[in-house]
Each structure stands twice: as C-alpha cells, then as structure tokens.
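These notes are about the structure you will find just below.
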Amino acid sequence: MEEEKDNRTPDEVAADLKLKEAEIAFKIAETEKIQAEASKAIYEAHEAELLWKESKMVHDRRMSDDENNHLYRFDGDVSKSSVLRCMKKLTEWSRLSPECVFSSPGGSIIDGFELFDFIQELRSRGHKITTGSLGMAASMAGILLMAGDVRWIGHQCWMMIHRAAFGAIGKTYEVEDEVKLVKRIEERCLDIFVSRSKLTKQKIKRNWDRKDWWIDADECLDLGLVDEIRGVMPEHKNKNEKLDN
148 MEEEKDNRTP DEVAADLKLK EAEIAFKIAE TEKIQAEASK AIYEAHEAEL LWKESKMVHD
208 RRMSDDENNH LYRFDGDVSK SSVLRCMKKL TEWSRLSPEC VFSSPGGSII DGFELFDFIQ
268 ELRSRGHKIT TGSLGMAASM AGILLMAGDV RWIGHQCWMM IHRAAFGAIG KTYEVEDEVK
328 LVKRIEERCL DIFVSRSKLT KQKIKRNWDR KDWWIDADEC LDLGLVDEIR GVMPEHKNKN
388 EKLDN
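Numbered according to our numbering, the sequence shown terminates at residue 392, and the numbering increases by one at each position without gaps.
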C-alpha cells in the first residue's frame, strides 16, 4: 500500500511545526504555572501552620499563668496591703475556683483574720477555695492555710505555730488590758486549728509554750492540718511503698 503523500506546501509544514511548538510551549507554561501555584500553596500552608503554632504557644502560655488558673501567690508578710490585694483578686475569681498559695513568715493577726473571715464568707456562699503552702506557712500564714475547703502543703514545706507576739506601752492597766486581748486572740487561733485538725488545745499549748512549733509536711498530714501533700519525690514514694509492704 502506497504511503499517502503530503501535499502540503513547505510554508504549510512550517506553520504546522510552529503551531505544535506553540502548543508544547503553552503546555510547559501551564505545567510551570501549576507547579508555581502548588509551591505557593504549600508555602502559604507552612506559613499558616507556623502562625497557628505561634498563636497557640501564646494562648497556652497565657492560659497556664496564675491569673487564668485563679491562683494567687501570697508571697510575703501578712499585712493590710497584702491582704487587700489578695481579697481584691479573690473577689474577681469568687464565681470560679480560686486558689491561694502561701509562702509567708506570718504577720498581722488582725489583718489575717480579715482575710480568713472573707474566705469563710466565700465558702458559705458555695465557692470552693483551695489553700496551699510552699516553703513555709508560719504563724498567721498557717492559720490562713486552714481557711480553704481543700488544704495542701509542699513536701519540703514547714508550718509553724506559736503564741501571739505583741508589744505594749502605757500604764499598768493598759498593758493588762492588752494582755487580756492577746489571750482572747490566742483562743481564736486555737479554735481554728482545733476545728480543722486532730489537735486539741492542750496539745497545741504544750508545743507552743515559750517556743515556735515547727511541723513538717508529713506531720501536718498525720495531724489533719492539711488534706494532701504535693511535690513528693518519686524516690520518697517508692521508699514508703516498700516500707508498707
């Protein structure tokens, strides 16, 4: 069978070649455009992912801070100004779940009682308040630790109970009246500890008379002064488990 002859003129053949070259160039350009668009889409997706991760990190950092977890760190002496700061913050969080962490050497008994009563008022309205201590809860800070629904203490933390300290200047009867007031205040302190622990007034008086009574975390738990211990080293837990077995 004879092959079909190409009857096109040279100009027509050249035109067809140019047309095919143009079609191939167009297809190449289309492919490159698609690849460029794909690369751009991938780049934008990576950029969006990075922005999302950065935004999430900022959000997580913000959500993990004390403010968003309603945790107030009472760091320093119990005083009028520190108590007012704490009460202001607890007021903001009172409809949620506030937590107070004390690390304090104690301070003013009267100012501390103001905060103690404020916390009890919140509890009476149905708010759950957790109190805890890291480092130490000494003197008035130990009493404030008793204020929470749930009370915890760090394993290396110490609680200190002692008699009220005061200074009196004036006439004899004025000093005597001051002593009577301080003794009445001490009775209030005793009532708080006795009502929230296994301690009796007699035991506290035996231990706090003429000295500071320092109590470690394990003793606090045994005496019912706290509900739980936090921050216990795994080695310590394992040791206790072996002793129990």
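Glycine is no exception: its CB is placed at the ideal position from the N, C-alpha and C atoms.
When DSSP assignments are scanned along the stretch 277-306, the uninterrupted stretches of alpha helix (DSSP H) that are 4 or more residues long and fall wholly within it turn out to be 287-292. Residue pairing for GLU375: DSSP places it in a beta bridge opposite TRP299.
Closest in alpha carbon position to LEU231, among GLU201, PHE263 and TRP355, is PHE263. A Cβ-Cβ contact shorter than 8 Å links ILE276 with CYS247.
The closest CA to that of LYS358, considering only VAL322, GLY279, SER286 and ILE339, is found on SER286. Here MET380 is exposed: its Cβ has fewer than 16 other Cβ atoms, across all protein chains shown, within 10 Å. A straight-line Cα-Cα distance of about 59 Å links SER186 and ASP374. Around the beta-carbon of THR347, fewer than 16 other beta-carbon atoms lie within 10 Å, marking it exposed.
Secondary structure at ARG208: helix, using DSSP grouped into helix, strand and coil.
Pairing GLU321 with LEU328, the inter-Cα distance amounts to about 11 Å. Distance between ALA195 and ARG377, taken at the CA atoms: about 40 Å. In the structure shown, the three-state DSSP call for LEU218 is strand. Bounds of the alpha helix (DSSP H) holding ASP264 are 256-271.
Below 8 Å, too few C-beta pairs join the stretch 217-237 and the stretch 198-206 to call them touching: fewer than three. Under DSSP, ILE362 forms a beta bridge with MET306. Restricting attention to TRP361, LEU370 and SER228, the CA atom closest to the CA of LYS345 is found in LEU370.
Ranked by Cα distance from GLY254, the options PHE265, LYS227, VAL160 and GLY279 are led by LYS227. GLY223 and ALA192 have their C-alpha atoms roughly 49 Å apart. Straight-line measurement puts the Cα of TRP361 at about 13 Å from the Cα of LEU372. Assigned with DSSP and collapsed to three states, SER228 falls in helix.
LEU269 and ILE339 have their C-alpha atoms roughly 17 Å apart. SER280 sits buried, since 16 or more C-beta atoms from the chains shown fall within 10 Å of its C-beta. Spatial neighbours of ILE256 in its own chain (CB-CB distance under 7 Å, excluding positions within 5 residues in sequence) are listed in chain order as MET287, ALA311 and ILE332.
Counting only residues of its own chain and dropping the five nearest sequence neighbours on each side, ILE290 has a CB closer than 7 Å to the CB of GLY259, PHE263, CYS336 and ILE339. Closest in C-alpha terms to GLN267, from the list VAL297, GLU159, HIS217 and SER251, comes VAL297. Looking at SER251, VAL225, PHE249 and GLU214, the one whose alpha-carbon comes closest to that of LYS236 is GLU214.
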